[in-house]
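Enquirer: Per the working numbering, residue 2 is the first one in the sequence shown, and the count goes up by one each step.
Here you go, one structure.
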Amino acid sequence: MTEPRFFVPKDAIHGERVTFSPEQSRQIARVLRLLPGHAVYALDNRGYIYTVRLEHVHPREVWGRIVDVQEAMGEPPLHIALYLALLKGEKMDWALQKGTEVGVSAFVPMLTARTVVRRTEKKARWARILQEAAEQCGRTRIPALHEIVTFAQALTHVREYDAALLAHNDDDIPCLREGIASIHPAPQRVALFVGPEGGFSETEVEQARAQGVILVHLGPRVLRAETAAILFPTLILHHWGDLG
Ligand code: SAM
């Protein structure tokens, strides 16, 4: 599947015609320099992928005709929601982009006791990062981006998952292998918690434990938060998902 891929909203598809947004039109006409007759893929973010033969190509408006529809593949079999403490500057962007590539299905930014970033107006920017990363890596659904929650609010979500695990840099807690071994049967929905640059506070760790969250360490080296944000879902999708 080498043709360019674009997520389109529901109202962009009328019968057999798909109309691309001005930004996508510019990309198709100016950057990719596609011409009428060329094919692209349109993804509806609801499970279908359309092959679209371009009919009208202009930098402000591109449309084409659907010539094939298929059920979309490529989503991980395991739903991972990554509860990630807000990170400074581009680290958050990076974690969202790479997490999408790895196979995270939902991101929930968190405010925790030691979160340095307290406010952000970046939701539109983050949504764009998720969409572009999903298009680039062949996802057929854009990961969900939730509103920012406090750690206490995040803990109230835990019962919505088959399992919840929190990464904590402490040799006295079980390693991830042991944590995974304690979970039966294999989960379909998992919440993963990763702390900020300064880590989770001991109070937060105890609150999580009291809510049934499984505490795990990820190895003997201290990872940067953004590294843990990628490694943690990678290891989980290697065990229960489609990585590796
Ligand atoms: N000094 C902090 C501490 O010891 O908790 C370091 C925090 S680390 C930079 C940021 C986050 O990444 C942690 O809250 C944890 O979620 C995760 N993390 C980093 N290294 C880890 C490890 N070896 N095991 C488990 N979690 C780790």
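We put the beta carbon where it would ideally sit given N, CA and C, even for glycine.
Does at least one heavy atom of ligand 1 sit under 8 Å from the Cβ of P197?
Expert: yes
Enquirer: Please indicate yes or no: does the CB of G100 lie closer than 8 Å to some heavy atom of ligand 1?
Expert: no
Enquirer: Is D171 near ligand 3, in the sense that its beta carbon is under 8 Å from a heavy atom of that ligand?
Expert: You won't find ligand 3 in this model; what it holds is ligand 1.
Enquirer: Indicate whether V150 and M93 have their beta-carbon atoms separated by less than 9 Å.
Expert: no
Enquirer: To the nearest whole angstrom, what separates the beta carbons of E17 and R61, a pair I think is in contact under 8 Å?
Expert: Not really, about 22 Å apart at Cβ, beyond 8 Å.
Enquirer: Should V105 be listed as close to ligand 1, given that the test is whether its C-beta is under 8 Å from any heavy atom?
Expert: no
Enquirer: In angstroms with no decimal places, state the Cα-to-Cα distance between H80 and G196.
Expert: 20 Å
Enquirer: Among C138, A114, R115 and F108, which has the Cα closest to the Cα of A128?
Expert: F108
Enquirer: Have a look at R115 and T101 and give me their C-alpha separation to the nearest angstrom.
Expert: Between R115 and T101, the C-alpha separation is close to 25 Å.
Enquirer: Ignore the nearest five residues each way along the sequence and tell me which others in Q189's own chain have a CB closer than 7 Å to its CB.
Expert: Only L79, H80 and D163 meet the Cβ criterion.
Enquirer: I'd like the list of long-range same chain contacts for N46, defined as Cβ closer than 7 Å, with 5 residues on each side in sequence excluded.
Expert: F8, R142 and I143
Enquirer: Counting only the same chain and skipping the five closest in sequence on each side, list residues whose C-beta sits under 7 Å from that of D171.
Expert: H218
Enquirer: Between which two residues does the alpha helix (DSSP H) carrying I143 extend?
Expert: Element bounds for I143: n/a, residue is neither H nor E.
Enquirer: Note down the Cα distance separating R210 from L33, rounded to an integer number of angstroms.
Expert: Between R210 and L33, the C-alpha separation is close to 51 Å.
Enquirer: If you compare alpha carbons, which of A187, E227, P186 and R178 is closest to L87?
Expert: It is E227 whose Cα lies nearest to the Cα of L87.
Enquirer: Alpha carbons only, please: which of W64, Y84 and G48 is nearest the one belonging to V70?
Expert: G48
Enquirer: Is it right to say L36 is buried, meaning 16 or more other beta carbons lie within 10 angstroms of its own, or is it exposed?
Expert: The Cβ neighbour count for L36, taken over all protein chains shown within 10 Å, is under 16; the residue is labelled exposed.
Enquirer: Answer yes or no: the CB of T228 versus the heavy atoms of ligand 1, is any distance below 8 Å?
Expert: Yes; taking the cut-off as 8 Å, the Cβ of T228 has a heavy atom of ligand 1 nearer than that.
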